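To start, the structure itself, in structure tokens.
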């Protein structure tokens, strides 16, 4: 367990880094500039991170794990408000990082990784429920649902979280319900032709 001073130092560095990332791309953020913004010496920075990319990677790792925890066991064969709301609450709890992530200098690679968290589990689940639908249809539908959800979340973040988390969760659930109803209709249509 890290002592309190180390935790405070890391928190100052993370907060200052996120603030700088909202203003400029990561390749324009120097360790010196970051340390000045955080009021931390360079030695303290290098005791915890190799460089600013390492710091970003560690922040992304923490947020990614929190999102994975929120996404695990989500039921994508029906509207699952509690789990979707947990994802939205995680985004809201990581407000500062998400502002930077969805901002001009955010990490598209990180967003892409987040989109893939449950692809295999979800499409496998759908294969069971919709056995007559091909993999391309299931994967395209997954991409549509996840990227659509990400678009809703991005709009919410970029509008300074102006709507309640429950409203965003319900919007995503409504979209999922409509898409899953469409898959069900496609399944019935294909099965009827056999």
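In this note's numbering, the protein residues as written are 64 to 257.
Even glycine gets a Cβ: it sits at the ideal position worked out from N, Cα and C.
The structure presented is a predicted model; accordingly, all values stated were derived computationally and were not measured.
- Residue 180 is positioned such that its CB atom lies closer than 8 Å to that of residue 130.
- For the pair residue 215 and residue 160, the CB atoms are not nearer than the 8 Å cut-off.
- For residue 103 and residue 109, the gap between their C-alpha atoms comes out near 11 Å.
- A straight-line Cα-Cα distance of about 14 Å links residue 97 and residue 111.
- Take residue 212, set aside five residues on each side of it, and the residues of its chain with a beta-carbon closer than 6 Å to its own are 235, in chain order.
- At a cut-off of 4 residues, the continuous stretches assigned as alpha helix (DSSP H) that sit fully inside the stretch 126-175 are 144-156, 158-164.
- Counting along the chain, the unbroken alpha helix (DSSP H) around residue 250 starts and ends at 228-256.
- About 5 Å separates the CB atoms of residue 81 and residue 163; that is less than 8 Å, so the two are in contact.
- Taking C-beta separations shorter than 8 Å and ignoring five residues to either side along the sequence, the partners of residue 75 in its chain run 101, 102, 103, following chain order.
- In the same chain as residue 69, and ignoring 5 residues on each side of it, the C-beta atoms closer than 8 Å to its own belong to 111, in chain order.
- One thing to note: residue 196 has its Cβ no nearer than 8 Å to the Cβ of residue 242.
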